[in-house]
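Novice:
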Amino acid sequence: AQTVTQSQPEMSVQEAETVTLSCTYDTSENNYYLFWYKQPPSRQMILVIRQEAYKQQNATENRFSVNFQKAAKSFSLKISDSQLGDTAMYFCAHGSGNTGKLIFGQGTTLQVKP
Amino acid sequence: GAVVSQHPSRVICKSGTSVKIECRSLDFQATTMFWYRQFPKQSLMLMATSNEGSKATYEQGVEKDKFLINHASLTLSTLTVTSAHPEDSSFYICSANSGTSGGAVDTQYFGPGTRLTVL
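Residue numbers (our numbering), protein chains in the order written: chain A, 14 to 127; chain B, 453 to 571.
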């Protein structure tokens, strides 16, 4: 079975600074994907970034980047130049390449302070 | 692109009644849709996988007779909570595979969710 663990329930960062959210996972699959989703107060889930496990290169999307350590089963998210609009709950997720199912971590609530 | 809608956004019902929630992919065809349940300040828990034209696959512990799922077309899946009770009150979210990469590897795009309150 797949599991995803986010060990930081809450974090805060000053506007314009950088913050890193941690995520570890366990999987029995060889074909899988990893995601970070953002859930703002509206509760709409928004895709932040996606990483194919077979790719060694870390994914980046503008101010968002990941540090994917496959052997350590670690998948952290770095947010640079934090903005007030980044305030949200962030979920790390494991996606099965076989079934498409997503297994989510417990979430990290991030508050960006002005 | 890749927009998923849900209706209604909020519903209040009496105990013992049934409630239907619709999930639509607006600008793409979704052969697979997923239904999640989320309690306040908690994570999303997968309830079932809905495939167009076939029976839904339920996760362990989810009562299939209480949570009826129908995936009648490539753009519509419905979740019916039958004989709802206060403990069924929750936030229900659907998602659909984007269909851009082919099959299971597609990114899931999420609907805005439905808040169900059972009195």
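All C-beta atoms, glycine included, are put in the ideal place defined by N, C-alpha and C.
1. For Phe484 (chain B), I'd like the list of residues in its chain whose CB is within less than 6 Å of its CB, leaving aside the five on either flank, ordered along the chain.
2. Can you give the Cα-Cα distance for Tyr561 (chain B) and Trp49 (chain A), rounded to whole angstroms?
3. Using the Cα positions of Lys88 (chain A) and Leu47 (chain A), report the straight-line distance between them to the nearest angstrom.
4. Considering just the uninterrupted stretch of the beta strand (DSSP E) at Asn80 (chain A), what are its terminal residues?
5. Could you confirm whether any beta carbon from chain B is found closer than 8 Å to the beta carbon of Gly118 (chain A)?
6. Could you tell me if Lys507 (chain B) is buried or exposed, where buried requires 16 or more neighbouring beta carbons within 10 angstroms of its beta carbon?
7. Less than 8 Å between C-beta atoms, sequence neighbours within five positions excluded: which residues of the same chain meet that for Asp517 (chain B)?
8. Using a C-beta to C-beta distance shorter than 8 Å, which residues of chain B count as neighbours of Phe104 (chain A)?
9. Count the other CB atoms, across all protein chains shown, that sit within 10 Å of the CB of Leu115 (chain A); report buried if there are 16 or more and exposed otherwise.
10. With a cut-off of 8 Å, does the C-beta of Arg63 (chain A) fall near any C-beta of chain B?
11. Taking the alpha-carbon of Gln57 (chain A) as reference, which of B:Leu528, B:Tyr544 and B:Asp558 has the nearest alpha-carbon?
12. Per the DSSP calculation, Cys36 (chain A) is bridged to which residue(s)?
13. Quick check on Leu571 (chain B): does DSSP put it in helix, strand or coil?
14. Could you round the C-beta distance between Gly120 (chain A) and Gln27 (chain A) to whole angstroms and report it? I think they count as a contact, below 8 Å.
15. Would Gln15 (chain A) pass as an interface residue toward chain B - the criterion being a Cβ-Cβ separation below 8 Å?
16. Which runs of the beta strand (DSSP E) spanning at least 3 residues fall entirely within the stretch 482-513 of chain B, listed in chain order?
17. If you reduce the DSSP assignment to three classes, tell me which class Leu520 (chain B) lands in.
18. Using a beta-carbon distance cut-off of less than 9 Å, what residues from the stretch 45-62 of chain A approach chain B?
19. With Ser78 (chain A) and Glu30 (chain A) assumed to form a contact (beta carbons below 8 Å), what rounded beta-carbon distance in angstroms separates them?
Specialist: The answer reads as follows:
1. Before going further, note that residue 484 (chain B) is Thr rather than Phe in the sequence given. Cβ within range, chain order: Asn503 and Asn549.
2. Between the alpha carbons of Tyr561 (chain B) and Trp49 (chain A) lies a gap of roughly 12 Å.
3. Looking at the sequence shown, residue 88 (chain A) is not Lys but Phe. Their backbone Cα atoms lie some 8 Å apart in a straight line.
4. Secondary structure note for Asn80 (chain A): its beta strand (DSSP E) is the uninterrupted segment Phe77 to Gln82.
5. Yes, contact with chain B.
6. Within a 10 Å sphere around the beta-carbon of Lys507 (chain B) sit fewer than 16 other beta-carbons, which makes this residue exposed.
7. Counting only Cβ-Cβ distances below 8 Å, and skipping sequence neighbours, we find Thr534.
8. Listed along the chain, the chain B residues whose CB falls inside 8 Å of the CB of Phe104 (chain A) are Ser495 and Leu496.
9. Under this definition Leu115 (chain A) is a buried residue.
10. Yes - at least one Cβ of chain B is within 8 Å of the one on Arg63 (chain A).
11. Closest option to Gln57 (chain A), Cα to Cα, is B:Tyr544.
12. Beta-bridge annotation (DSSP): Cys36 (chain A) is not paired with any residue.
13. In this structure, Leu571 (chain B) counts as coil in the three-state DSSP scheme.
14. Taking C-beta atoms under 8 Å as the contact rule, Gly120 (chain A) and Gln27 (chain A) fail to qualify, at a distance of about 21 Å.
15. No - not a single Cβ of chain B is within 8 Å of the one on Gln15 (chain A).
16. Listed in chain order, the complete beta strand (DSSP E) runs (minimum 3 residues) inside the stretch 482-513 of chain B are 484-490 and 496-503.
17. The answer is strand: DSSP assigns Leu520 (chain B) an E or B state.
18. Cβ contacts with chain B: Tyr46, Phe48, Tyr50, Gln52, Ser55, Arg56, Gln57, Met58, Ile59 and Leu60.
19. So it is not a contact: roughly 15 Å between Cβ atoms.
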